[in-house]
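Colleague: Read in order, the letters of the sequence shown are residues 13 to 93 in the numbering used here.
Even glycine gets a Cβ: it sits at the ideal position worked out from N, Cα and C.
Please read all numbers here as calculations on a predicted model, not as lab measurements.
Quick one: the structure is below, questions incoming.
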Amino acid sequence: MTNAFHGVTVEKATEAYVLSRGRARFLSIAQAIRAIRTLMPACRTSDHELEGLLAAACIVHGIPVAFDATMTEVKEMRLHS
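In structure tokens form, the structure reads like this:
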């Protein structure tokens with residue numbers, strides 16, 4: 013799914029965010045989703061889809077990820093690297 017906002021796609025926004033966090037100990041999915049929603053308030057991509065895009069970009073770039081977004085079916089914080 014590609015949503016564009018001022019020429020920036022959700023995929024490009026997630027990739028850019030992950031790359032900007034490259035020196036962090038890990039990437040927080042919750043924080044990343046908030047940042048993307050701030051950048052792209054009209055984004056129709058679900059939080060679950062954003063989580064998948066962010067996780068995939070983290071894997072590609074070797075950045076540890078914290079699945080800390082509160083989804084209805086998942087409440088605990090999980091750390092993966």
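(1) Beta-carbon within less than 6 Å of residue 27's beta-carbon, same chain only, minus the 5 sequence neighbours each way: which residues are those?
(2) Does residue 24 come out as helix, strand or coil in the three-state DSSP assignment?
(3) What whole-angstrom Cβ distance do residue 81 and residue 59 have, given they're in contact under 8 Å?
(4) Looking at residue 77 and residue 38, is the spacing between their C-beta atoms short of 8 Å?
(5) On the CB-based measure, 16 or more other CB atoms within 10 Å of its CB, does residue 31 come out buried or exposed?
Modeller: Considering the structure as presented:
(1) Here residue 27 corresponds to residue number 15 of the sequence shown, with the count starting at 1. Answer for residue 27: 69, listed in chain order.
(2) As a working note, residue 24 is residue 12 in the sequence shown. Correct three-state label for residue 24: helix.
(3) On the sequence shown, position 69 is the one that residue 81 refers to. On the sequence shown, position 47 is the one that residue 59 refers to. Sure, about 6 Å apart at Cβ, within 8 Å.
(4) As a working mapping, residue 38 is identified with position 26 in the sequence shown. As a working mapping, residue 77 is identified with position 65 in the sequence shown. Yes, the Cβ-Cβ distance between residue 38 and residue 77 is below 8 Å.
(5) Taking the sequence shown and counting its residues from 1, one reaches residue 31 at position 19. Exposed, because fewer than 16 other Cβ atoms sit within 10 Å of the Cβ of residue 31.
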